[in-house]
Amino acid sequence: MDVQGKVAVVTGAGSGIGFALSKALLAAGAKGVAMADLQAELLQTRAAEIGGLAVPTDVTDEAAIQALVEKAETALGPVDLFISNAGISPKPIRDDNAHWGQQWGVHVMAHLFAARAVAPGMAARGGGKLVNVASAAGILMQMNSAVYTATKHAAVGLAEWLAVEWTPKGVSVSVVCPLRVATSMTEDTPDSASVRDGVLTADEAAATILEGVADDRFMIYTHPTAGGYWAKKAADPERWITAMAGLKQKLNPDNGD
Ligand SMILES: NC(=O)c1ccc[n+]([C@@H]2O[C@H](COP(=O)([O-])OP(=O)(O)OC[C@H]3O[C@@H](n4cnc5c(N)ncnc54)[C@H](O)[C@@H]3O)[C@@H](O)[C@H]2O)c1
Numbered sequence: 001m002d003v004q005g006k007v008a009v010v011t012g013a014g015s016g017i018g019f020a021l022s023k024a025l026l027a028a029g030a031k032g033v034a035m036a037d038l039q040a041e042l043l044q045t046r047a048a049e050i051g052g053l054a055v056p057t058d059v060t061d062e063a064a065i066q067a068l069v070e071k072a073e074t075a076l077g078p079v080d081l082f083i084s085n086a087g088i089s090p091k092p093i094r095d096d097n098a099h100w101g102q103q104w105g106v107h108v109m110a111h112l113f114a115a116r117a118v119a120p121g122m123a124a125r126g127g128g129k130l131v132n133v134a135s136a137a138g139i140l141m142q143m144n145s146a147v148y149t150a151t152k153h154a155a156v157g158l159a160e161w162l163a164v165e166w167t168p169k170g171v172s173v174s175v176v177c178p179l180r181v182a183t184s185m186t187e188d189t190p191d192s193a194s195v196r197d198g199v200l201t202a203d204e205a206a207a208t209i210l211e212g213v214a215d216d217r218f219m220i221y222t223h224p225t226a227g228g229y230w231a232k233k234a235a236d237p238e239r240w241i242t243a244m245a246g247l248k249q250k251l252n253p254d255n256g257d
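With this note's numbering, the residue at position 125 of the sequence shown is 125, and numbering never jumps.
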């Protein structure tokens, strides 16, 4: 999709990758960006900095996502591009059911709610695009967090399903699988395993993601190594599990993502 002149919604836009994406979209000539985040004050400040439309939103609430789309469309016009980016860190590592429910809500249901809210309208208008930010943990894993691994895998699976469902109707779908990006989510693990593939700034990650959007790629990597690891895993899953188990043993368990 050529984002010039397009109306976009970005969730998790108050910080990190979502803020960088909002800024990059406006710099690339988007007509407007509705920026959604749970952190209302931070969001207002960030949106004012770049001329975005701040819409405080809890993405786990389907009615709130529908209201977000209504506000965006009233202020800016029909939504062409919805980037479902909000996410939560698995840290501190917990395994209680409340944490599973929270991560499932943000990493999976929010993507479904976004698709329900905008895909039918996009198709009726002749096209549009959904971009779901998952993680390399969605094709590989996050060694210390079952919940982050499982919900990001579900996000990738949902994106595949949405792509098969909506592409023939004119709505293209992309899923983003970043490795390490320096944001508030990763600042507490400066020396974890994933830094070995390089740490991007949020602006660098956003630029790479928008290249993938421009090319309408389904799978968008921020780091090309992620695709190579995924291919190796698919080619020999048993060897991959053995290697990952060995790597996890070597690393500090509090720091081994
Ligand atoms: N930073 C990385 O290394 C990395 C790697 C892989 C994937 N990701 C994914 O990228 C996305 C962006 O993460 P980031 O690194 O920019 O983190 P971040 O913490 O800087 O930004 C995430 C934003 O999402 C918002 N958010 C959380 N729950 C929300 C909710 N219920 N409703 C609305 N907003 C909510 C937060 O307030 C925050 O502003 C996430 O989905 C994350 O899982 C990040």
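Even for Gly, the Cβ is constructed at its ideal location relative to N, Cα and C. Bear in mind the structure is a predicted one, so any value in this text is a computation, not a measurement.
So does residue i have its beta carbon nearer than 8 Å to some heavy atom of ligand 1?
i, result
"S174", "no"
"A24", "no"
"D44", "A small fix is needed here, since residue 44 is Gln in this sequence, not Asp. Incorrect: Q44 has no Cβ contact closer than 8 Å to ligand 1."
"I17", "yes"
"N144", "no"
"L179", "yes"
"V14", "A quick correction: the sequence has Gly, not Val, at residue 14. Within the cutoff, so yes."
"I269", "Residue 269 cannot be examined here, being either before or after the span of the chain that is shown, 1 to 257."
"G105", "yes"
"L38", "yes"
"I50", "no"
"M185", "yes"
"D188", "no"
Based on DSSP bridge pairs, tell me the residues matched to residue i.
i, result
"G32", "V7"
"S22", "Partner(s): none; S22 has no beta bridge."
"D37", "P56"
"V173", "L130"
Going by DSSP in three states, residue i sits in which element: helix, strand or coil?
i, result
"I88", "coil"
"L81", "strand"
"G256", "Only weak support is given to the placement of G256: the predicted model assigns it a pLDDT of 47, under 50, and the value that follows is read from those uncertain coordinates. Looking at G256 - three-state DSSP - the assignment turns out to be coil, as it is neither helix nor strand."
"A182", "strand"
"D197", "helix"
"S15", "coil"
"D203", "helix"
"V59", "coil"
"E49", "helix"
"T208", "helix"
"M244", "helix"
"L68", "helix"
"L43", "helix"
Could you check where the alpha helix (DSSP H) with residue i kicks off and where it finishes?
i, result
"G121", "110–125"
"I93", "From DSSP, I93 is part of no alpha helix (DSSP H); its letter is neither H nor E."
"G228", "225–235"
"H107", "Element bounds for H107: n/a, residue is neither H nor E."
Give the range of the beta strand (DSSP E) segment to which residue i is assigned.
i, result
"V131", "128–133"
"M219", "219–221"
"A54", "53–56"
Exercise for the section: With a floor of 4 residues, list each alpha helix (DSSP H) that falls wholly inside the stretch 135–171, ordered by position along the chain. Expected result: 146–166
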